[in-house]
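**Q** Handing you this structure, nothing more for now.
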Amino acid sequence: MTTTTSPQAQARRGAARGWPTSPSLALLVLRVALGAVFIAHGAQKLFVYGFAGTSGSFADMGVPMASIAGPLVGLVEFIGGMLLVVGFGARLVAAALAVDMVIAAFLVHLPFGIFSADGGYELPLTLAAGALAVILAGPGRISVDAALAAGSRLTRTKNIRGV
58 MTTTTSPQAQ ARRGAARGWP TSPSLALLVL RVALGAVFIA HGAQKLFVYG
108 FAGTSGSFAD MGVPMASIAG PLVGLVEFIG GMLLVVGFGA RLVAAALAVD
158 MVIAAFLVHL PFGIFSADGG YELPLTLAAG ALAVILAGPG RISVDAALAA
208 GSRLTRTKNI RGV
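FYI, our numbering numbers position 50 of the sequence shown as 107, with every residue one higher than the one before it.
Spelled out as structure tokens, the structure:
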């Protein structure tokens, strides 16, 4: 006789053993993939084009206050990408990155249609959707945020018990 166990029951057993559940693994994959793309694009703006090159490129695309926006976007993408990978301040970081992508989509990419090969909004839309998923679901159990929350709960428990 063969028995089957539902994925939900398997996840509950895994969670009871302290193992990350599938949603946490999925969120880790999402955060690492998104973070890697943001790190690459931020690094390109900061270290390949530099502040002057990025600002000039932003000005050519009609971005307002390009001399400020260019370096700021590069920093947000580079540092935000790293924070997203490790899951530190993940919801706030994801919100900043989502706003970054929505602005990019509307200011630069929208007139070119959807396909990124034509300069369209395909990539910013996808990255904004991924960032929104992190905002809605949180970073998952495999993150610095989760470790800090667990440590905070442990400290509160010790304080309540007087240990």
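Where is the CB? At the ideal position from N, CA and C, for every residue including glycine.
1) So, with DSSP's three-state summary, where would you put M139?
2) With respect to the alpha helix (DSSP H) encompassing L87, which residues constitute its N-terminal and C-terminal limits?
3) Specify the secondary structure class of M122 as computed by DSSP and reduced to three states.
4) With distances taken between CB atoms, is the gap from A151 to A188 smaller than 9 Å?
5) Considering Cα atoms alone, identify which of G144, S209, G131, V191 is closest to A109.
6) In terms of alpha-carbon separation, which member of D157, P80, G195, G144 lies closest to T183?
7) Out of F135, A97, T111, which has the shortest C-alpha to C-alpha gap to S37?
8) Do you know whose CA, among S200, L205, A207, lies nearest L82's CA?
9) Report yes or no: do three or more beta-carbon pairs, one from the region 127 to 142 and one from the region 82 to 101, lie closer than 8 Å?
10) Pick helix, strand or coil for F104, following the three-state DSSP scheme.
11) Candidates V133, A186, L103, G107: which alpha carbon is nearest L87's?
12) Tell me whether S200 sits in a helix, a strand or coil according to DSSP, three-state version.
13) Less than 9 Å between the beta carbons of P80 and A147, yes or no?
14) Could you pull the start and end residues of the alpha helix (DSSP H) that L149 belongs to?
15) Tell me the rounded alpha-carbon separation between F115 and L149.
**A** Once the coordinates are examined:
1) Within the sequence shown, the letter at position 82 stands for residue 139. Of the three classes helix, strand and coil, the one that applies to M139 here is helix, per DSSP.
2) By one-based count along the sequence shown, residue 87 stands at place 30. Note, L87: alpha helix (DSSP H), 79 to 100.
3) Position 65 of the sequence shown, counted from the first residue, corresponds to residue 122. Three-state result, M122: coil.
4) Sequence index remark: in the sequence shown, residue 151 carries index 94 (1-based). Sequence index remark: in the sequence shown, residue 188 carries index 131 (1-based). It is a contact, given that the beta carbons lie within the stated cut-off.
5) Translated into positions along the sequence shown, residue 109 becomes position 52. The shortest Cα separation from A109 among G144, S209, G131, V191 belongs to G131.
6) Locating residue 183 in the sequence shown gives position 126, counting from the first residue. Answer by Cα proximity: D157.
7) Since the displayed the chain opens at 58 and closes at 220, residue 37 lies outside it and no answer follows.
8) As a first step, residue 82 must be located in the sequence shown, where it is residue number 25. The shortest Cα separation from L82 among S200, L205, A207 belongs to S200.
9) yes
10) The count along the sequence shown starts at 1 and reaches residue 104 at position 47. Three-state DSSP puts F104 in a helix.
11) Sequence index remark: in the sequence shown, residue 87 carries index 30 (1-based). The residue with the shortest Cα to Cα distance from L87 is A186.
12) Translated into the one-based positions of the sequence shown, residue 200 becomes position 143. Coil.
13) Your numbering for residue 80 matches position 23 in the sequence shown. Your numbering for residue 147 matches position 90 in the sequence shown. The answer is no: Cβ separation not under 9 Å.
14) By 1-based counting over the sequence shown, the position of residue 149 is 92. Counting along the chain, the alpha helix (DSSP H) containing L149 begins and ends at 147 to 161.
15) Working through the sequence shown from its first residue, we reach residue 115 at position 58. Working through the sequence shown from its first residue, we reach residue 149 at position 92. When rounded, the distance between both Cα atoms is 25 Å.
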